[in-house]
Amino acid sequence: MLTFRSPFLVTWGYLIKSFKPLAAVTIAFSMNSMSQYAETFVSGSISVPIEHRFYPYTDNGGTSLAIAGEDFCVVASDTRQSEGFLINARYSPKAFKLSETAVLATNGFLADGFALVKRLEQRLEWYKHSHNKPMSISALAQMLSTTLYSKRFFPYYVGNLLGGLDENGRGVVYSFDPVGSYKPEVCRAGGSAAALVQPFLDNQVSFKHQPTATRTLSLEMAVKIAKDAFTSATERDIYTGDYLEIFVIKRDGITVEKMELKKD
Amino acid sequence: MSIMSYNGGALVAMVGKNCVAIASDKRLGVQLMTVSTEFPKMYQATEKSYVGFAGLATDSQTLSERLRFKINMYRLREEREIEPKTLSNMISSTLYEKRFGPYFVEPVVAGLNKKNEPFICVMDVIGCLNEADDFVVSGTSSQSLYGMCESLWEPDLEPEDLFETISQALLNSIDRDCLSGWGALVHIITPERVITRTLKGRQD
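Protein chains in written order, with this note's numbering: chain A, 39 to 302; chain B, 3 to 206.
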């Protein structure tokens with residue numbers, strides 16, 4: 039029996055203990071009256087518990103990145119959906135337009151990602167009707183954080199990147215952990231190839247270790263950097279590839295560009 | 003805690019136009035504590051080839067001494083310097099000798115052969131050779147290094163451009179790794195000479 043019970047075990051899955059009979063063993067007595075020792079065996083069945091377990095999460099792979107500019111924001115996600123070495127879908131978008139100024143990219147367990155987006159879209163509708171204005175991105179970020187923390191002990195298994203324009207029209211990126219910790223940033227990569235892409239963004243977007251580089255980033259450069267980051271990530275990460283969707287959020291609206299990536 | 007991330011470290015080697023570059027960080031740690039900030043992981047094998055060992059520091063030092071012996075014996079027997087390709091096969095055999103109790107290092111070899119053609123390769127702990135014609139990476143920040151090298155490298159870089167490329171790739175990768183850092187050392191091997199430069203990065 040489990041002597042230590044973590045808070046997760048109670049809710050994460052259920053344990054079925056079933057019993058299977060061991061092979062029956064027979065009694066045999068020695069028929070020789072001269073023997074002083076009778077060999078005895080136990081008869082009947084003995085039960086042994088076996089555990090069935092259901093693990094509620096899986097990793098669907100994929101990578102995302104978001105770059106905030108002075109008056110734009112770029113959010114890019116690949117579209118491969120996989121489970122281990124199996125590719126479930128080559129075109130399964132992971133970035134969703136939530137409002138005219140915000141795009142959410144989810145990485146990790148996609149079922150939780152879809153459920154989260156559905157909840158957020160509902161709350162956005164309610165907000166729009168009750169406040170008579172669309173939700174600002176900072177309010178949306180906070181709402182996402184509280185939504186994630188509300189499931190602190192059975193989390194949404196997703197890393198989120200929320201990109202868009204704030205109320206002054208400046209680009210902003212909010213990055214989240216699975217239980218809702220968040221902060222605004224200039225650039226962030228998430229997903230399976232995050233470790234490959236993030237240093238490249240540090241170098242090319244934040245100009246780290248480049249003391250003589252120009253400090254302003256144009257939209258064309260940001261999109262070019264996003265494309266290069268993904269082609270490199272596709273080379274070295276097996277979970278990244280197939281297609282790339284780039285969302286560009288500007289004051290006059292959101293445009294989507296779809297690009298081919300290597301399918302191997 | 004993995005034994006390969008006990009001491010920490012990062013190594014990268016790249017191929018340029020008639021030159022190779024090899025670079026490493028300078029940190030030596032014991033898990034979360036930094037013990038030395040002057041511990042580059044590369045050793046000069048011959049005049050035109052370098053070997054670097056990422057992984058457990060004690061095995062890195064032991065192997066470099068064993069290799070120094072083997073390279074000297076080779077020179078005495080053959081009356082010539084060992085070629086980088088032969089050297090990497092020698093390291094591979096040395097590692098495979100310990101197949102069921104390995105040295106916990108992932109070596110990187112970079113050098114020019116007698117015709118001044120570039121050669122780089124990386125091995126795993128039991129000596130599987132992986133020769134590349136672009137770049138090789140090793141160490142605790144290998145994933146970050148793969149991302150940086152894949153984006154920044156292009157073929158036929160001149161020695162000075164190769165230096166800039168390998169430096170940017172290494173510095174930005176080790177910034178994202180807690181167990182690597184405290185500056186970097188870069189060797190550029192050209193047919194005429196070896197240029198060594200020390201980089202001052204984030205000192206954390």
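C-beta: ideal position from N, C-alpha, C; glycine also.
In this text, all values refer to a predicted model and were calculated from it rather than measured experimentally.
Per the coordinates, the alpha-carbon of A/Gly197 lies some 11 Å from the alpha-carbon of A/Ser183. For B/Leu13, the beta-bridge partners assigned by DSSP are B/Ser26 and B/Ser140. In terms of CA proximity to B/Met16, B/Ile24 leads the group B/Asn9, B/Gly10 and B/Ile24. In terms of beta-carbon proximity, A/Arg226 stays away from the interface with chain B, with every pair separated by 7 Å or more.
Under the Cβ criterion of 7 Å, B/Gly149 is counted among the residues facing chain A. In this structure, the CA atom of B/Met125 is about 18 Å from the CA atom of B/Thr60.
Rounded to the nearest whole angstrom, the C-alpha separation of A/Tyr195 and A/Gly100 is 14 Å. In this structure, A/Gly201 sits near A/Cys111, with a CB-CB distance shorter than 7 Å. For B/Gln46, the pairing in a beta bridge is given by DSSP as B/Tyr52. Cβ-Cβ distances below 6 Å link A/Met259 to nothing in the same chain once the five nearest sequence neighbours on each side are left out.
By the neighbour-count criterion, in which a residue is buried when 16 or more other Cβ atoms sit within 10 angstroms of its Cβ, A/Phe147 is buried. For A/Arg161, the closest alpha carbon among the candidates A/Thr185, A/Ser176, A/Val141 and A/Ala140 is that of A/Thr185. Among the bridge pairs identified by DSSP, A/His167 is matched with none. The C-beta separation of A/Pro237 from B/Ser146 comes to about 5 Å, placing the pair in contact by the 8 Å criterion. Counting only Cβ-Cβ distances below 7 Å, B/Leu173 has contacts in chain A at His247, in chain order. For B/Leu201, the closest alpha carbon among the candidates B/Ile5, B/Phe121, B/Ala171 and B/Gly129 is that of B/Ala171.
By the criterion of a C-beta distance shorter than 6 Å, A/Ser115 is surrounded in its chain by Ser102, Lys132, Ala133, Ala143 and Glu283, once the five residues flanking it on both sides are discounted.
Close partners of B/Gln170 in chain A (Cβ separation under 7 Å): Asn241 and His247. B/Val188 is the residue among B/Glu83, B/Phe106, B/Tyr45 and B/Val188 whose C-alpha sits nearest the C-alpha of B/Phe165. With 16 or more other Cβ atoms from the protein chains shown falling within 10 Å of its own Cβ, B/Glu85 counts as buried. Cβ neighbours of B/Ser66 within its own chain (closer than 6 Å, five residues either side excluded): Tyr45. Distance from the CA atom of B/Leu154 to the CA atom of A/Tyr212, rounded to whole angstroms, is 27 Å.
B/Asp27 is positioned such that its CB atom lies closer than 7 Å to that of B/Gly183. The three-state reading of DSSP puts B/Arg79 in helix, counting H, G and I together.
Linking B/Gly11 to A/Leu239 through their CA atoms gives a straight-line distance of about 22 Å. Taking 7 Å as the CB threshold, A/Phe238 lines the interface with chain B.
As DSSP reads the structure, A/Gly82 sits in no beta bridge. If the five residues before and after B/Pro157 are omitted, its C-beta is found closer than 6 Å to no C-beta atom of its own chain.
Taken through DSSP and simplified to helix, strand or coil, A/Ser137 comes out as strand.
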